[in-house]
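Peer 1: One structure coming up, written as structure tokens, with questions to follow.
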Amino acid sequence: MIYTCTITPSIDYTTYLPKFKTGKLNRTAEVHYYPGGKGINVSRVLNRLGTASKALGFAGGFTGNYIEEFLNNEGVSTDFIETSGITRINVKIKSEEETELNGPGPVLQEEQLDKLAQKVRSFETGDWFVLAGSLPASVPPAYFLELAAICQSKGVRFVLDTSGPALKELVGAKPFLIKPNEHELGELFGVEITGKQQAVSYASKLVRSGIENVIVSMGGEGALLVTANETVAAEAPKGQVVNTVGSGDSLVSGFIASYAAQADAVKAFQYGVACGSATAFRSDLCEKQDAEALLSQVVLHPITEEDVTT
Ligand SMILES: Nc1ncnc2c1ncn2[C@@H]1O[C@H](COP(=O)(O)OP(=O)(O)O)[C@@H](O)[C@H]1O
Ligand SMILES: O=P(O)(O)OC[C@H]1O[C@](O)(COP(=O)(O)O)[C@@H](O)[C@@H]1O
936 MIYTCTITPS IDYTTYLPKF KTGKLNRTAE VHYYPGGKGI NVSRVLNRLG TASKALGFAG
996 GFTGNYIEEF LNNEGVSTDF IETSGITRIN VKIKSEEETE LNGPGPVLQE EQLDKLAQKV
1056 RSFETGDWFV LAGSLPASVP PAYFLELAAI CQSKGVRFVL DTSGPALKEL VGAKPFLIKP
1116 NEHELGELFG VEITGKQQAV SYASKLVRSG IENVIVSMGG EGALLVTANE TVAAEAPKGQ
1176 VVNTVGSGDS LVSGFIASYA AQADAVKAFQ YGVACGSATA FRSDLCEKQD AEALLSQVVL
1236 HPITEEDVTT
């Protein structure tokens, strides 16, 4: 089974308006209330790709109920631990630019964290654990390192898609896959990444440290895959961008769905990039047919060591 885990879910209140003026009253005609948070998006896309998963994490209040109901109606199986606080609402304003306002994560009690650890202990060899999204600073990194260690000891593939200090702490757990975007990769090393060659050289450092697959996503510029055997750049398909929220999560989903079926990292990467772009070209997350229609436009370019050192 593929388990996704969203410690900090959200409802993504997504609104479209031609011009957004800060400090003024803006009236909008189109709003959507999508369940969000990175692990939840991964589960939603996996479901659309025909791959079963179970969404774990913490949810509470009327927003938590909405998220659970929405996911179940879509056919996504959930097993959230209830919080007393209300799950956050993240605001996504789609205008000439994309503006996002993400709320804080939940305050979690020790017994709630124990419940999640208990679920992780019940995983079986061959399962996946996708820990995605922001991790509250109030939960010590040692807790997540322990979850990663449980996965490792059981032969469960650990996928990590987070940012900031949590990413720094958890890369040491040698996940099977991480997918920072170029800013998150730069943040991890305390540098600003300004091009593909630089991104490859930092991603290679992570692979040398023991991470099996490092994907660096670069929005409309595509993405890079670095493994111990291969380094590949993918061009992103061109199209009319509608809403890029969830594109990174869709890339992760496409990779996992394909890798779980064929165990081929390069093919999985290509499929993932197609899913990421298919999501960028629509309001909600991609459907399987959107991604498959774009697959041939995801052109791959192998990168050699010389390309990086010159
Ligand atoms: N403007 C765009 N045009 C085409 N594809 C895009 C665009 N923005 C994102 N994507 C696709 O989604 C993937 C992930 O996007 P990115 O913005 O890098 O992730 P994140 O949302 O995690 O920051 C990219 O690798 C690409 O395939
Ligand atoms: O947990 P964070 O870092 O605040 O991010 C949560 C947000 O990220 C998303 O999961 C989208 O992520 P990506 O655009 O990186 O794929 C939204 O649904 C959600 O509002």
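Per the working numbering, residue 936 is the first one in the sequence shown, and the count goes up by one each step. Every residue, glycine too, gets a C-beta built ideally from N, C-alpha and C.
(1) Please determine if the stretch 1013-1032 and the stretch 1074-1094 are in contact, where contact requires at least 3 C-beta pairs separated by less than 8 Å.
(2) Looking at P1172 and ligand 1, is the gap between the Cβ and the nearest heavy atom below 7 Å?
(3) Tell me the residue span of the alpha helix (DSSP H) that contains G1207.
(4) Considering just the uninterrupted stretch of the alpha helix (DSSP H) at I1002, what are its terminal residues?
(5) Could you tell me the alpha carbon to alpha carbon distance between V1094 and L991, rounded to whole angstroms?
(6) For A1158 versus I1146, is the C-beta spacing smaller than 8 Å?
(7) Can you list, in chain order, the residues of its chain whose CB lies under 7 Å from that of I1238, leaving out five sequence neighbours each side?
(8) Which class does K1114 belong to by DSSP, given the choice of helix, strand or coil?
(9) I'd like the span of the beta strand (DSSP E) that includes C940, first residue to last.
(10) Is DSSP giving R1143 helix, strand or coil here?
(11) I'd like to confirm something about G1189: is its beta-carbon nearer than 7 Å to some heavy atom of ligand 2, or not?
(12) Report the residue ranges of all beta strand (DSSP E) runs contained in full by the stretch 1122-1172; include only those spanning at least 3 residues, in chain order.
(13) Using the rule of at least 16 other Cβ atoms within 10 Å of the residue's Cβ for burial, across every protein chain shown, is D1199 buried or exposed?
(14) Provide the residue span of the alpha helix (DSSP H) that contains P1100, from first to last.
(15) Answer yes if the stretch 949-961 comes into contact with the stretch 1025-1039, meaning at least three C-beta pairs across the two stretches below 8 Å, and no otherwise.
(16) Roughly how many angstroms separate the alpha carbons of T1245 and S1139, rounded to a whole number?
(17) Any heavy atom of ligand 2 closer than 7 Å to the beta-carbon of T943?
(18) Quick check on the DSSP output: the alpha helix (DSSP H) that includes N982 runs from which residue to which?
(19) Three-state secondary structure (DSSP) at S1185?
(20) One question on the structure: do Y1137 and L1160 come within less than 8 Å of each other, judged by their Cβ atoms?
(21) Got a sec: does ligand 2 put a non-hydrogen atom nearer than 7 Å to the Cβ of V1180?
(22) Using a Cβ distance threshold of 8 Å, determine whether the stretch 1008-1016 contacts the stretch 1089-1104, with at least three qualifying pairs required.
(23) Evaluate the contact criterion for the stretch 1043-1060 versus the stretch 967-977: three or more CB pairs, one atom per stretch, below 8 Å.
(24) Under DSSP, the alpha helix (DSSP H) around E1081 begins and ends at which residues?
(25) Does the beta-carbon distance from A1163 to V1208 come in below 8 Å?
(26) I'd like to know if the stretch 1209-1221 and the stretch 1176-1194 are in contact, where contact means that at least 3 CB-CB pairs between them fall below 8 Å.
(27) Could you give the first and the last residue of the continuous alpha helix (DSSP H) run that contains E1031?
(28) Can you determine whether any heavy atom of ligand 2 sits closer than 7 Å to the C-beta of N1164, and answer yes or no?
(29) Which residues in the same chain have their Cβ closer than 6 Å to the Cβ of L1141, if we skip the five residues on either side of it in sequence?
Peer 2: With the structure as the only source:
(1) Too few Cβ pairs lie closer than 8 Å, so no.
(2) Counting from one through the sequence shown, the residue named residue 1172 turns up at place 237. Annotation for P1172 indicates a beta carbon within 7 Å of some heavy atom of ligand 1.
(3) If you number the sequence shown from 1, residue 1207 lands on position 272. For G1207, the enclosing alpha helix (DSSP H) stretches over residues A1200 to A1215.
(4) Taking the first residue of the sequence shown as position 1, residue 1002 is located at position 67. That run of the alpha helix (DSSP H) goes G996 to E1009.
(5) Residue numbering aside, residue 1094 sits at position 159 when the sequence shown is read from its first letter. Residue numbering aside, residue 991 sits at position 56 when the sequence shown is read from its first letter. Computed Cα separation, rounded: 14 Å.
(6) Numbered from 1 along the sequence shown, position 223 holds the residue referred to as residue 1158. Numbered from 1 along the sequence shown, position 211 holds the residue referred to as residue 1146. No, these two residues do not count as a Cβ contact at 8 Å.
(7) By one-based count along the sequence shown, residue 1238 stands at place 303. Residues V1135, T1166, V1167 and A1168 of the same chain have their beta carbon placed closer than 7 Å to that of I1238, with the five preceding and five following residues left out of the count.
(8) Along the sequence shown, one-based indexing puts residue 1114 at 179. Here K1114 sits in coil by DSSP.
(9) Here the question's residue 940 lines up with position 5 in the sequence shown. DSSP places C940 in the uninterrupted beta strand (DSSP E) bounded by I937 to T941.
(10) In the sequence shown, the residue the question calls residue 1143 occupies position 208. In the structure shown, R1143 sits in a helix (DSSP, three-state: H, G or I).
(11) Position 254 of the sequence shown, counted from the start, is the residue given in the question as residue 1189. False, no ligand heavy atom lies under 7 Å from that Cβ.
(12) DSSP runs (the beta strand (DSSP E)) wholly in the stretch 1122-1172: 1148-1152, 1158-1161 and 1166-1169.
(13) If you number the sequence shown from 1, residue 1199 lands on position 264. Its Cβ having fewer than 16 others within 10 Å, D1199 is exposed.
(14) In the sequence shown, counting from the first residue as 1, residue 1100 sits at position 165. Segment G1099 to L1105, the alpha helix (DSSP H) holding P1100.
(15) Contact between the stretch 1025-1039 and the stretch 949-961 is present, because at least three Cβ pairs lie under 8 Å.
(16) Here the question's residue 1245 lines up with position 310 in the sequence shown. Here the question's residue 1139 lines up with position 204 in the sequence shown. With a pLDDT of only 48 at T1245, under 50, the local geometry of the prediction cannot be trusted, and no value is derived from it.
(17) Residue mapping note: residue 943 aligns to position 8 of the sequence shown, counting from 1. Relative to ligand 2, the nearest heavy atom lies less than 7 Å away from the CB of T943.
(18) Residue 982 sits at position 47 when you count from the first residue of the sequence shown. From DSSP, the alpha helix (DSSP H) with N982 extends over K973 to R983.
(19) Residue 1185 sits at position 250 when you count from the first residue of the sequence shown. Three-state DSSP puts S1185 in a helix.
(20) For the purposes of this step, residue 1137 is taken as the residue at position 202 of the sequence shown. For the purposes of this step, residue 1160 is taken as the residue at position 225 of the sequence shown. Contact flag unset, no.
(21) By 1-based counting over the sequence shown, the position of residue 1180 is 245. At a cut-off of 7 Å, the beta-carbon of V1180 counts as near ligand 2: some heavy atom of the ligand is closer than that.
(22) No, they do not touch.
(23) No contact exists between the stretch 1043-1060 and the stretch 967-977.
(24) Working through the sequence shown from its first residue, we reach residue 1081 at position 146. Start and end: P1076 to K1089.
(25) Translated into positions along the sequence shown, residue 1163 becomes position 228. Translated into positions along the sequence shown, residue 1208 becomes position 273. The beta carbons of A1163 and V1208 sit no closer together than 8 Å.
(26) Yes, since at least three Cβ pairs between the stretch 1209-1221 and the stretch 1176-1194 fall closer than 8 Å, the two stretches touch.
(27) Indexing the sequence shown from 1 puts residue 1031 at position 96. Boundaries for E1031: no alpha helix (DSSP H) harbours it, and the DSSP string shows neither H nor E there.
(28) Position 229 of the sequence shown, counting from 1, holds the residue named residue 1164. Result no, Cβ not under 7 Å from ligand 2.
(29) As a working note, residue 1141 is residue 206 in the sequence shown. Cβ neighbours of L1141 beyond the five flanking positions: V1149.
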